[in-house]
Each structure stands twice: as structure tokens, then as C-alpha cells.
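Residue numbers (this note's numbering): 260 to 367. One structure is given here, and the rest of the page talks about it.
Pasting the structure below:
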């Protein structure tokens, strides 16, 4: 399944929020390979006895999504957190890509 994702850009980087209900940190895999960010998560089994569902709306058991990262991002400093099935990533921009204020001097 493809998880829905919201992306927000700030001066410091990009915040990516992916909804992956049923996925916890133990079944979540986030990695970067060849400038591609991969998100993969498996929905946890129902705990307890072996059960057979009477009705199922969610057919897939796994989420997957991939994003190409531009050269302006610092791939070594990506931060990821997950809470209640919501994955939040912060992908920082390289220092050279961040906007900076230029001081204006009065000509004399």
C-alpha cells in the first residue's frame, strides 16, 4: 500500500509526515540508497491467539513509498520518529543551501 504523505519545507529542511496505521518502530524500515529515500512498514499482527478475521477492509500488510532526494539535502543527518502509526522525518538542508541574511552597509 502507498501511505499518504504530507511534505513541508522550511529554511532548515523538509518535514515529511507519512500515515502508516498499524506500523510500529519494530516493523518500520527507513533508509537512503543512491539518493532515494525508502519508507517500508509492515502492519503488526493482532496480538494474542491466532485469529481469523470476519471482515477486512485493509487488504495489504505492507506500506512502501520512495522519494528521490536532491543534492541540497544532508542525507547523513535525517531524523525519524514514529508515534501511533505516524512517521515523521526531518531531512535537513546542507549548510550551503540554507538562506542567509546579508548585512547591508551604508556607503560613506
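Ideal placement from N, C-alpha and C gives every residue a C-beta, glycine not left out. Since the model is a prediction, treat every value here as computed from it, not as a measurement.
Rank the options by C-alpha distance to the C-alpha of residue i and give the top, closest one.
i: residue 353; options: 332, 275, 312; result: 332
i: residue 342; options: 265, 280, 261, 262; result: 280
i: residue 356; options: 262, 264, 272; result: 272
i: residue 283; options: 365, 330, 344; result: 344
i: residue 294; options: 330, 364, 286; result: 330
Could you check whether residue j and residue i sit closer than 8 Å to each other, using their CB atoms as the reference points?
i: residue 274; j: residue 323; result: no
i: residue 298; j: residue 346; result: yes
i: residue 296; j: residue 325; result: yes
i: residue 260; j: residue 321; result: yes
i: residue 278; j: residue 262; result: yes
i: residue 276; j: residue 334; result: no
Using 10 angstroms around the beta-carbon of residue i, count the other beta-carbons present and answer buried if the total reaches 16, otherwise exposed.
i: residue 367; result: exposed
i: residue 312; result: exposed
i: residue 337; result: buried
How many Å lie between residue i and residue j at the Cα?
i: residue 358; j: residue 269; result: 10 Å
i: residue 301; j: residue 285; result: 9 Å
Legend entry - beta strand (DSSP E) runs contained entirely in the stretch 293–359, provided each spans 3 or more residues: 295–301, 321–327, 338–342, 345–351
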